[in-house]
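Undergrad:
Residue numbers (the working numbering): 2 to 97.
1. Are the CB atoms of residue 21 and residue 14 nearer to each other than 8 Å?
2. Going by C-alpha distance, which of 5, 61, 16 and 68 is nearest residue 49?
3. Count the other C-beta atoms from every protein chain shown that fall within 10 angstroms of the C-beta of residue 23, then say buried if there are 16 or more, exposed otherwise.
4. Specify, as a first and last residue, the run of the beta strand (DSSP E) that residue 56 falls within.
5. Is residue 70 helix, strand or coil when you go by DSSP?
6. Considering residue 39, what are the terminal residues of the alpha helix (DSSP H) in which it resides?
7. Does DSSP put residue 64 in a helix, a strand or coil?
8. Can you name the start and end residues of the alpha helix (DSSP H) that residue 23 belongs to?
9. Tell me which same chain residues have a C-beta within less than 8 Å of the C-beta of residue 36, skipping the five on either side of it?
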């Protein structure tokens, strides 16, 4: 649903169900067109917070946003989830 919403705004989207596959893609030369990664906080194999660290190591210029279905204000969210130097921001999942 999020992919479709972003595409309707005219953006090209690469979507992955596996964070490891997303990391492999980001390390490819043709991934340089990507300017932002939006990740769920809960995923199989690793959390979005863990993924943010690996993404910033591979592509430091890439913006990284965590998406969560938790319906809380940003200030409350930062107290619940450790906001790291690897994340640029978070959004509440629009499909929730």
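Here a beta-carbon is modelled for each residue, glycine too, at the ideal position from N, C-alpha and C. Keep in mind it's a predicted model, so treat the numbers as computed, not measured.
TA: According to the data block:
1. no
2. 68
3. buried
4. Unbroken run through residue 56 is the alpha helix (DSSP H), 49–59; no beta strand (DSSP E).
5. coil
6. Note, residue 39: premise wrong, no alpha helix (DSSP H); beta strand (DSSP E) at 37–41.
7. strand
8. 20–27
9. 63 and 64
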